[in-house]
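Numbering-wise, this note's numbering comes out as the position in the sequence shown, counting from 1, plus 5. Report on one structure; see the data block that follows.
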Amino acid sequence: MLSPRKEYLYQRKLSPLLDSEQIAAAVSRLAAEVMRDYQGKRPLLIGVLKGSFMFMADLIRRIALPVEVEFVTLSSYGSGTLTSGKVQVVRCLRAPVKDRDVIVVEDIVDTGVTLDYFL
């Protein structure tokens with residue numbers, strides 16, 4: 006019996022671009038870069054919800070440094086599938102970022118409107 010995800014992919018004749026091992030290797034490489042670049046520092050990782058949270062959780066587990074975590078929720082889509090071009094802040098950033106080393110974790114950047122607004 007196939008898992009629900011594999012069944013979904015099978016029914017639609019879709020295949021993943023990367024398998025779980027490739028994703029894990031990429032997360033490990035990225036964590037190694039963060040540890041190299043932020044050695045001796047305490048970076049603030051800001052996840053853009055909702056899409057970043059699973060990846061961010063995997064990433065944080067592999068970073069052997071003290072980090073702080075914060076989340077924001079931004080939207081430029083509303084209820085549709087095309088960007089409106091106007092970004093709405095649904096959940097604000099609560100941690101101060103002045104004079105901090107900040108790493109933004111975003112899931113998908115298509116038009117760049119939301120990420121540009123946030124940065």
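Yeah, the Cβ is synthetic: ideal placement off N, Cα and C, and Gly gets one too.
Identity of the residue in the options nearest residue i by Cα
i, options, result
"Met61", "Ser8, Asp112 and Tyr122", "Asp112"
"Met40", "Ser81, Glu26 and Leu64", "Leu64"
"Val74", "Val118, Arg99 and Leu19", "Arg99"
"Ile108", "Ser33, Leu124 and Lys11", "Leu124"
"Arg67", "Glu38, Leu79, Ser80 and Lys91", "Glu38"
"Thr116", "Cys97, Leu70, Ser80 and Asp104", "Ser80"
Local Cβ density within 10 Å of residue i, reported as buried at 16 or more and exposed below that
i, result
"Leu7", "exposed"
"Val95", "exposed"
"Val102", "exposed"
"Gly45", "exposed"
"Val53", "buried"
"Val110", "buried"
"Leu50", "buried"
"Ser57", "buried"
Residue span of the alpha helix (DSSP H) that contains residue i, given as start and end
i, result
"Ile65", "Phe58 to Arg67"
"Leu35", "Ser25 to Asp42"
"Val118", "Val118 to Phe123"
Start and end residues, beta strand (DSSP E) containing residue i
i, result
"Arg105", "Unbroken run through Arg105: none, as it is neither H nor E."
"Val77", "Glu73 to Ser80"
"Leu50", "Leu49 to Leu54"
"Arg96", "Gln93 to Arg96"
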